[in-house]
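See structure below.
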Amino acid sequence: MTIIHANVDPASITRSKERGVPMSTITRRNFVGMSGIAGIAAAAGFMGVATGCTQEAAAEQSGFKPGTYRAAAQGMAGYVYLSTTFDESSITDIEILDENQSVGICEEVYATIPANVIDTQSLGVDVVSGATLTSYAVIDAIADCVSQAGGDADAMRKVKIPVEVQDEEFSYDVVVVGAGLAGLCTAIEAAREGAHVALVEKQGVLGTAVFSSGITYIAPTPDDVEAMYAKWIENAVTTCEYPTVERVRDLCEASPEVMEFLVDVGFEYSVGLNGNLMPTASTGMLRNNIPIRLGSKEPLAKGGEALMRGLEAACDANGVDVFMNTGVTKFILERDAMAGVVCETPRGVKTYRASSVVLCSGDYGRNPEMVKTYSPESIHDITSTGAGNTGTCMELAIEAGAAVYESQQPMSGSLAFEPENKPVCGQPFDQFPFECMLVDYHGERKVREDAPNNHVQHQYFMDPDRPCAGWAIMDEAVARKVWVMDELLLKTEKGDSKIRAYKADTIEELAKLIEVDASTLASQLDAYNALCESGEDTAFGKEASFLTPMKEGPYYGVLAYSIIRAIAGGVKTNGDFEVIRADGQPIPGLYAAGISSSREYWGDYYPGAMAIALCTHGGYLAGKNAAARAKA
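Taking full-length UniProt numbering, the leading residue of the sequence shown gets 1, the next gets one more, and so forth.
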């Protein structure tokens with residue numbers, strides 16, 4: 001990657017008048033930089049030279065039997081059901097009939113892909129980045145309907161979609177990189193301070209990571225600040241030099257302002273888990289929650305999606321220009337100060353000039369090389385971080401001189417038997433039943449099964465050569481609390497690459513299947529049963545209601561993976577959220593907020609509520625500071 005060192009006066013560049021759809025007309029299907037057919041096709045990389053048949057050729061190969069046909073295809077967490085209507089030569093209508101895909105993410109798919117299939121008469125339209133599984137479900141179901149109608153679905157997948165390529169330059173006061181929770185808060189507050197703001201997002205949807213969360217620390221009034229601070233420090237369990245208490249104090253002091261800011265954008269909340277505030281869940285999120293089944297707790301319908309929708313509307317109201325499918329590939333530096341970013345996209349090179357740039361681009365969990373370098377203990381772990389979190393902007397910042405926190409901290413979201421089941425991974429409680437016995441790769445019990453925070457368990461299951469995971473040992477009664485147990489066993493039998501579930505008549509036979517020492521596992525189970533019979537877990541403190549002896553086979557063992565939601569740390573910043581060099585001096589005009597710079601705020605682990613608070617509070621403060629510099 002290369003940093004552009006430019007000598008062009010940003011003031012000499014006039015703002016382009018042809019950016020696309022203005023924010024005043026924003027909907028779930030059109031954002032600046034991703035409007036209509038061209039935007040969808042652009043993300044596919046079709047540059048007017050794609051191979052395949054033309055629309056006319058496809059129409060000749062795809063004569064249809066007129067009528068309406070129905071089909072379904074597997075999506076993210078269930079099926080998408082739709083109907084497709086044809087006349088003799090074309091698709092005339094597509095209707096989504098039923099679905100239960102991830103709220104906040106699926107809407108962009110439903111608003112764009114059917115319309116673009118109709119407009120282009122092609123099944124070669126691109127998926128919506130950040131919502132690939134739902135996108136493929138829609139395309140595959142339409143293809144099924146095409147086949148039912150006597151058409152040639154394969155030919156329609158090859159139809160070329162032209163893309164208009166145009167290099168453009170824009171001038172702004174502030175550019176915010178990343179449209180997650182931190183990025184939206186940053187952009188809105190910078191705009192409220194009078195700055196002209198661009199928000200660039202590499203994916204096709206906003207804020208995917210926060211939809212499964214929303215629970216936050218916040219001090220609604222000045223009288224609540226001290227309690228928020230005390231709670232934060234108490235929960236930031238540490239054996240290292242972090243958190244930096246002065247930074248935590250500053251964050252808490254700003255909390256009443258942030259609360260006012262969030263209320264202004266429609267933040268409706270209730271007192272939720274562990275006394276934290278949580279946005280009220282939308283109807284869609286409540287519906288998403290229906291099929292989730294956990295071992296010993298009811299799933300929690302969180303309000304992250306509702307919060308994001310309020311922030312999205314606030315971007316519109318405050319005149320923030322949002323550019324989707326626009327990933328940053330270069331920084332522009334002038335005299336060692338930030339002067340903007342460059343985004344090399346299939347739609348052309350888009351250059352955004354600005355005197356303040358704020359990185360809100362998340363972690364680097366999707367970049368194995370960066371994980372190996374900065375968080376090697378996580379290299380084998382399974383992550384549920386956003387698909388776009390590849391660390392590109394962190395690498396660019398490092399090239400520009402940014403220092404990196406020496407300690408980068410992985411955060412576990414839950415222990416799950418099905419590591420790709422994102423609705424389960426986003427829950428605050430684990431998929432395994434708390435009545436089980438958790439053991440590590442060596443067959444030893446190390447921690448209470450009903451630990452109040454997943455990261456407590458995570459620490460005991462870390463392994464340098466294998467994913468962080470623990471074995472849930474169960475008898476028949478406990479195993480039946482796992483509603484997908486038979487499915488897990490079948491997938492294991494068929495050689496699934498990740499799911500490992502076994503059943504045996506004796507504990508010794510089970511030990512052999514899960515590859516632990518039989519005498520160790522048997523002695524651990526004997527000790528556990530003795531604790532259950534006494535009614536008190538004197539070893540680790542599990543709640544008495546979950547202490548159930550397991551003395552008769554068959555026994556089950558299922559591997560529960562620790563799902564990494566984010567790697568905290570990122571680039572170093574000062575108290576004003578300016579990115580700093582190794583000597584402590586800021587890189588003028590470069591800021592970072594949210595997980596992109598987060599190490600100062602917690603110790604050995606952080607509850608998710610802290611992460612949400614850092615994104616809202618840090619984004620608010622970074623936006624205010626970035627705007628002040630740009631307007632000075």
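C-beta atoms are modelled at their ideal positions from N, C-alpha and C, and glycine is treated no differently. Note that the structure is predicted; figures quoted are calculated from it, not measured.
| query | result |
| --- | --- |
| Beta-carbon spacing of Asp-604, Thr-92 below 9 Å | no |
| Glu-552 versus Ala-539, Gln-585, Leu-510, Ala-568, residue with shortest Cα-Cα distance | Leu-510 |
| Length at least 3, wholly inside the UniProt domain "FMN-binding" (75-149): the beta strand (DSSP E) runs in chain order | 79-86, 91-98 |
| Sequence-distant residues of the same chain with beta carbon closer than 6 Å to Ala-622, five excluded per side | Thr-186, Val-358, Phe-577, Tyr-591, Ala-593 |
| Sheet register partners of Cys-343 (DSSP bridge) | Lys-350 |
| Buried versus exposed call for Asp-264 [16 or more other C-beta atoms within 10 Å across all chains shown] | exposed |
| Proximity below 9 Å, CB of Gln-431 to CB of Ala-560 | yes |
| Per-residue burial, Arg-309 [other beta carbons within 10 Å of its own, 16 or more giving buried] | buried |
| Local Cβ density within 10 Å of Trp-483, reported as buried at 16 or more and exposed below that | exposed |
| Cβ neighbour criterion (16 or more within 10 Å) applied to Gly-67 | exposed |
| Proximity below 9 Å, CB of Tyr-269 to CB of Cys-252 | no |
| Buried or exposed (CB count within 10 angstroms, at least 16 for buried), Ser-129 | buried |
| Inter-residue CB distance, Ala-354 and Val-174 (contact presumed, cutoff 8 Å) | 6 Å |
| CB of Thr-351 within 9 Å of CB of Ile-332, strictly | yes |
| 9 Å Cβ cutoff met for Ser-545 and His-458 | no |
| Cβ contact (3+ pairs, closer than 8 Å) linking the stretch 195-206 and the stretch 315-322 | yes |
| Helix, strand or coil at Glu-226 according to DSSP, with G and I counted as helix | helix |
| Candidates Asn-574, Glu-493, Met-437, Gly-575, of which the one nearest Ala-527 by Cα | Met-437 |
| Uninterrupted alpha helix (DSSP H) stretches inside the stretch 539-616 (no shorter than 4 residues) | none |
| Rounded separation between Glu-377 and Phe-461 - CA only | 11 Å |
| Gly-183 - containing beta strand (DSSP E), residue span | Counting along the chain, Gly-183 falls outside any beta strand (DSSP E), though it belongs to the alpha helix (DSSP H) covering 181-192. |
| Burial state of Ala-38, where buried means 16 or more other Cβ atoms lie within 10 Å | Note that Ala-38 scores a pLDDT of 30, beneath 50, so its modelled location is shaky and nothing firm can be said. |
| Lys-503 - partner residues in DSSP beta bridges | Tyr-556 |
| Opening and closing residue of the alpha helix (DSSP H) in which Val-248 lies | 245-253 |
| Alpha carbon of Leu-614 to alpha carbon of His-442, nearest angstrom | 37 Å |
| Helix, strand or coil at Ala-155 [DSSP, three-state] | helix |
| Cβ pair count under 8 Å reaching 3, the stretch 121-138 against the stretch 147-163 | yes |
| Local Cβ density within 10 Å of Pro-114, reported as buried at 16 or more and exposed below that | buried |
| Exposed unless 16 or more other CB atoms sit within 10 angstroms - verdict on Thr-538 | exposed |
| Through-space distance from Ser-356 to Ala-627, alpha-carbon basis | 7 Å |
| Backbone CA spacing between Ala-313 and Thr-112 [nearest angstrom] | 19 Å |
| Assigned exposure category for Gln-409 - 16 Cβ within 10 Å defines buried | buried |
| Exposed unless 16 or more other CB atoms sit within 10 angstroms - verdict on Val-245 | exposed |
| Option in Leu-547, Ala-611, Lys-65, Glu-201 with minimal Cα separation from Asn-529 | Leu-547 |
| Residue range of the beta strand (DSSP E) that includes Gln-409 | 409-416 |
| Length of the line joining the Cα atoms of Val-447 and Ser-414 | 14 Å |
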